[in-house]
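Enquirer: Quick one: structure below, then a few questions.
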Amino acid sequence: MIKLEAIYVLMGLLTGGIALVNARDDSNPRRWRNTLFWGVYAVLFLAGSYLGDLTNGILVLVMVATAAAGLGQGTRETATAAGRSASAARYGSRLFVPVLIVPLATFAGSVLLKDLTVGGLPLVDPKQVTQIALGIGTVLGLLAGLVMLRPTVSAPIVEARRLMDSVGWAAVLPQSLAALGAVFAAAGVGKVVSTLATTWLPLGSPLAAVVAYAVGMALFTMIMGNAFAAFPVMTAGIGLPLVVQQYGGDVVVVTAIGMLSGFCGTLMTPMAANFNIVPAALLELRGRYGVIRAQVPTALMLLVVNIVLMSVFAFR
Amino acid sequence: MLPLIGILIVIVGFALRLNALLVVTLAGVATGLASGQSLPDVIAAFGKAFVDSRYIAIVWLALPVIGLAERSGLKERSRDVISRIRAATAGRVLLVYLALRQITAALGLVSLGGHAQMVRPLVAPMAEGAAENTHGDLPEATRERIKAMAAGVDNVGMFFGEDVFVAIGSILLIRGFLEQNGIVVEPLQLARWAIPTALCAFVLHGARLWWFDRQIARQVAADAPAGEQAS
């Protein structure tokens, strides 16, 4: 059975390779820091499941300390603009093929692999089909690229290093935030917040309760970085007892639109790093909050829309 | 109140634009200590949660193939393709992607998009290329805006598309939560009530994209030296 562990080996090879390329690149004045950062990350992928929790925690702290000291970036160009234009003219739209294979194979894999069995056992761990399909999709895309473009052996990892170092430590932020969410949950942060909200907010009318629930979902999502973490807290604190039970709101409408109000919060917070901070780094924006700034007007308008929809349709 | 110290650290840290990775780690350690755990326990809990969520990082496996294609002229080709479509503008390219992203997400095909898989290699270069075709060389601030909008379109399209699909995580979470509270609802009912917001999201964000071309034109004009504007 193919499990996530197999994909983690690939990730270990990728990050380990990135560490090696950095170690050999003297155009990066901080190359040893980059080597340490990506090298430790590689260890967490290859051995994280076997090391103890405390060891893993210390390794994460080493990465964080290295990132806080500051990572660098190699300055050597891997291809000239003229070379890229000539290659673009030569290959034409075939260049899209390897790139498009990744999402298409991920989709096909997540549908087809679900029910595939070998000798009575599922070929792929059924709980992790999408992630495994993504891993397989990237391998297929890379193979297609290698066959078509016939680059030097080191080219894929050198190019991956270029992109990964332009993202830098932001690549690890989503995982740290997930860890923070777990710590918050264990410490009971949610309960404190919902107690505060119900104590201090004016909730004396159906509309006020709807506003408190929707805005509370958005705000708490901004704090947690994740609407899934905010939903149980806010719905147990305000949504169910007040909007539904006290004022007789329709439970389906209230909870469905409550979740969508949380999504408005996701669009506005750096805590949702994989949606807002990572793409800013990946697209090499100079402003770290550029993506959030582009999304805030839409998020605020949709929050108002959600409040209106909920107060109109929940109390028909 | 003490557990809220982590939230305070996060807000102050992000506001001061300190290294976010450091801020988040400190917030986690502070929260754990404030709730009475020992330092080794806090570090171990953080390490465990970090390792348990490694699956989030799998998307980076797409970087070798994207880097390889970029080295071979992928962005140049994207711009070339878009330049042959006369009607293409940055706003319209993004509007088409918004529609595609939202519709495919509503059909459960969330994996067909993504910032690493689609936006960086294809959508952002196409939008930039379309703007270059209309305005020539772009000021850096305009490039930033276009790329940021491209990333935002992927998010808006996915968030407000996926909930229309019955088997998505958020719908199942709502259902599971209500079930624990003794209320049984059908996923289809929940998904149905995601449709009004989804339509409004498309109209509102689409309208912003419609305006976006004018904003670009204004920004480019403001950036151009006065002499050129007169001619």
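One line per chain: the protein sequences are G and Y, in this order.
Per this note's numbering, the very first residue in the first sequence carries number 1; after that it's consecutive.
Per this note's numbering, the very first residue in the second sequence carries number 1001; after that it's consecutive.
We put the CB at the ideal spot given by N, CA and C, even for glycine.
All values derive from a computational prediction rather than experimental measurement.
1) Take Val9/G and list the residues in its own chain whose beta-carbon comes closer than 7 Å to its own, dropping the five residues that flank it on each side.
2) Starting from Ala42/G and walking both ways along the alpha helix (DSSP H), at which residues does that stretch end?
3) The alpha helix (DSSP H) with Ser87/G in it runs from where to where?
4) So the alpha helix (DSSP H) Lys191/G belongs to, where does it begin and stop?
5) Assign Met234/G to buried or exposed, taking buried as 16 or more other Cβ atoms, counted over all protein chains shown, within 10 Å of its Cβ.
6) With DSSP run on the structure shown, which of helix, strand or coil describes Ala2/G?
7) Based on the DSSP output, what are the partners of Leu51/G in its beta bridges?
8) Hey, could you find the ends of the alpha helix (DSSP H) Ile1236/Y is sitting in?
9) Whose C-beta lies closer than 7 Å to the C-beta of Pro126/G among residues of the same chain, with five residues either side of it excluded?
10) Measure the alpha-carbon distance for Thr298/G versus Gly52/G and round it to whole angstroms.
11) Tell me which residue opens and which closes the alpha helix (DSSP H) that Glu1140/Y is part of.
12) Where do the ends of the alpha helix (DSSP H) carrying Lys1075/Y lie?
13) Measuring straight from C-alpha to C-alpha, what distance separates Ser1231/Y and Asp1154/Y?
14) Output yes or no for whether 7 Å exceeds the beta carbon distance between Pro98/G and Val1081/Y.
15) Please state whether DSSP places Pro1003/Y in a helix, a strand or coil.
16) Would you mind stating whether Ile132/G and Ile2/G have Cβ atoms separated by less than 7 Å?
17) Using the Cα positions of Gly1227/Y and Ala1221/Y, report the straight-line distance between them to the nearest angstrom.
18) Does any residue of chain Y have a CB that is nearer than 7 Å to the CB of Thr298/G?
19) By DSSP, does Thr66/G sit in helix, in strand, or in coil?
20) Please tell me whether Ala1127/Y and Leu1094/Y are closer than 7 Å, where the distance is taken between their beta carbons.
21) What do you reckon, are the CB atoms on Ala1090/Y and Ile1216/Y nearer than 7 Å?
22) Taking the Cβ atom as the reference point for each residue, do Lys1147/Y and Leu163/G lie within a distance shorter than 7 Å?
Expert: The relevant details are as follows:
1) Contacts found: Leu46.
2) Following the DSSP letters along the chain, one finds Ala42/G inside the alpha helix (DSSP H) bounded by residues Arg31 to Ala47.
3) Residues Ala81 to Tyr91.
4) Counting along the chain, the alpha helix (DSSP H) containing Lys191/G begins and ends at Val189 to Trp200.
5) That one is buried.
6) In the sequence as displayed, the identity of residue 2/G is Ile instead of Ala. Strand.
7) None; Leu51/G has no bridge partner.
8) Since the first residue shown for chain Y is 1001 and the last is 1231, residue 1236/Y is missing from the structure and cannot be characterised.
9) Within the same chain, Cβ atoms closer than 7 Å to the Cβ of Pro126/G are found at Lys114, the five residues on either side in sequence being excluded.
10) Rounded to the nearest whole angstrom, the CA to CA distance from Thr298/G to Gly52/G is 44 Å.
11) Glu1140 to Glu1162 is the span of the alpha helix (DSSP H), which, as asked, contains Glu1140/Y.
12) Unbroken alpha helix (DSSP H) run through Lys1075/Y: Leu1074 to Ser1083.
13) With a pLDDT of only 42 at Ser1231/Y, under 50, the local geometry of the prediction cannot be trusted, and the value read off the model is given with reservation. Going by the C-alpha atoms only, they are around 39 Å apart.
14) For Pro98/G and Val1081/Y, no; Cβs fall outside 7 Å.
15) It is helical.
16) Closer than 7 Å, so yes.
17) Residue placement at Gly1227/Y is poorly supported in this model, since its pLDDT is 46, which falls under 50; the coordinates still yield a value, given next. One C-alpha to the other measures close to 11 Å.
18) Residue contact with chain Y for Thr298/G: present (Cβ-Cβ distance below 7 Å to some residue of chain Y).
19) For Thr66/G, the three-state secondary structure derived from DSSP is helix.
20) Taking 7 Å as the Cβ cut-off, Ala1127/Y and Leu1094/Y qualify as a contacting pair.
21) For the 7 Å CB-CB criterion, Ala1090/Y and Ile1216/Y form a contact.
22) No; because the gap between Cβ atoms is not below 7 Å, this pair is not in contact.
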